[in-house]
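Below: one structure, written as structure tokens.
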Amino acid sequence: MADAQWSPGPRAWTAAEWLPVLDIIEPPRQRRLTVLVRLLILIPHFIVLFLLHIAAVLTVIVGWFAALFLGRLPEPLFRFLAGYLGYQVRVGAGSMLLVDRYPPFALDPPPDYPARIEVRPTALNRLAVLFRLFLMIPAAVLQSLAVAGWWTVAIIWWLITLILGRMPRPLFEATAAVLRYEMRFGAYAMMLTPAYPKGFFGDDDLSVPQQQPRSATRPLVMSGAGKWLLVLFLVLGAATSITTSSTTDWSSESAESAGGG
Numbered sequence: 255m256a257d258a259q260w261s262p263g264p265r266a267w268t269a270a271e272w273l274p275v276l277d278i279i280e281p282p283r284q285r286r287l288t289v290l291v292r293l294l295i296l297i298p299h300f301i302v303l304f305l306l307h308i309a310a311v312l313t314v315i316v317g318w319f320a321a322l323f324l325g326r327l328p329e330p331l332f333r334f335l336a337g338y339l340g341y342q343v344r345v346g347a348g349s350m351l352l353v354d355r356y357p358p359f360a361l362d363p364p365p366d367y368p369a370r371i372e373v374r375p376t377a378l379n380r381l382a383v384l385f386r387l388f389l390m391i392p393a394a395v396l397q398s399l400a401v402a403g404w405w406t407v408a409i410i411w412w413l414i415t416l417i418l419g420r421m422p423r424p425l426f427e428a429t430a431a432v433l434r435y436e437m438r439f440g441a442y443a444m445m446l447t448p449a450y451p452k453g454f455f456g457d458d459d460l461s462v463p464q465q466q467p468r469s470a471t472r473p474l475v476m477s478g479a480g481k482w483l484l485v486l487f488l489v490l491g492a493a494t495s496i497t498t499s500s501t502t503d504w505s506s507e508s509a510e511s512a513g514g515g
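So for the sequence shown, the working numbering puts the first residue at 255; every next one is plus one.
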């Protein structure tokens, strides 16, 4: 498993619809102390991610022009963006209680780290690159609702994990599905893949041959309870968005009324 694999051109055996992979080794138990202070101990990583995000945005802008001209991302840009995405996913896996190991301060993680991604550089469709900002809007809405829904009641997932010392399997599946879709959206937005984000509700067990590398999330086979949790996340995300919008509009109207009075 690797965060990035580079080849100077597209591989004949790599299908255009190959999707970036999230590999997570599910912990049988989690240390309650690290669960208790999880977000606090990750604050240094949030700061690093903020700084890396600025660099990533500038890199994506340069990469967009390069991809329009070359039909692919240049190797240095691909490597940096893939490293940034992998770092973001590792911090996300920790903050969402999917792993119980502190992420390293590195774009290239140690081979035994329990959360990794795999992205493969392939040729990019120049027309899709040109309109990438518009094409990714539906996927952006889906991933933002799912992420917002998960975090809306994150205190509940935190309490469950803290009390049990582990995540119940359906909750693990649904949380991993949210993180994986967020990762696939990020890979598409940063032009690390031509494949549109898919697989929000999981995979078929036959999607990964037995002889290929497998993990708790490769393939991500969802139970019925896990899928219902994903629906719940979307509903909560939509409700949060509507409530926030209504509150903002009401505050604006109140401010205008007060100003007019």
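Cβ coordinates follow ideal geometry from the N, Cα and C atoms, glycine included.
Using a Cβ-based criterion (distance less than 7 Å to any ligand heavy atom), does Pro422 qualify as near the ligand FAD?
No copy of the ligand FAD appears in this structure; indeed no ligand is present at all.
Just verifying my parser: in three-state terms, what is the DSSP assignment at Val302?
Val302: helix per DSSP, three-state reduction.
Among the candidates Leu488, Ala402 and Glu329, whose CA atom is the shortest distance from the CA of Ala377?
Ranking Leu488, Ala402 and Glu329 by Cα distance to Ala377 puts Glu329 first.
Would you check if the distance between the CB atom of Gly403 and the CB atom of Leu490 is smaller than 8 Å?
For Gly403 and Leu490, yes; Cβs fall inside 8 Å.
With distance defined between alpha-carbon atoms, name the residue in Ile409, Ala400, Met444 and Val407 nearest to Ala430.
Of the listed residues, the one whose Cα sits closest to Ala430 is Ala400.
On a Cα-Cα basis, can you pick out the residue from Gly317, Ala408, Leu322 and Leu273 that is closest to Leu384?
For the residues Gly317, Ala408, Leu322 and Leu273, the minimum Cα distance to Leu384 belongs to Leu322.
Note down the Cα distance separating Lys481 from Phe332, rounded to an integer number of angstroms.
Taken atom to atom, the span from the alpha-carbon of Lys481 to that of Phe332 is near 33 Å.
Exposure label - Thr498; buried when at least 16 CB within 10 Å
With fewer than 16 other Cβ atoms within 10 Å, it is exposed.
Cβ neighbour criterion (16 or more within 10 Å) applied to His307
It is exposed - the Cβ of His307 has fewer than 16 other Cβ atoms within 10 Å.
Could you tell me if Asp458 is buried or exposed, where buried requires 16 or more neighbouring beta carbons within 10 angstroms of its beta carbon?
Asp458 comes out exposed.
Entirely enclosed beta strand (DSSP E) segments - the segment 347–418, minimum 3 residues
Runs of the beta strand (DSSP E) inside the segment 347–418: 369–372.
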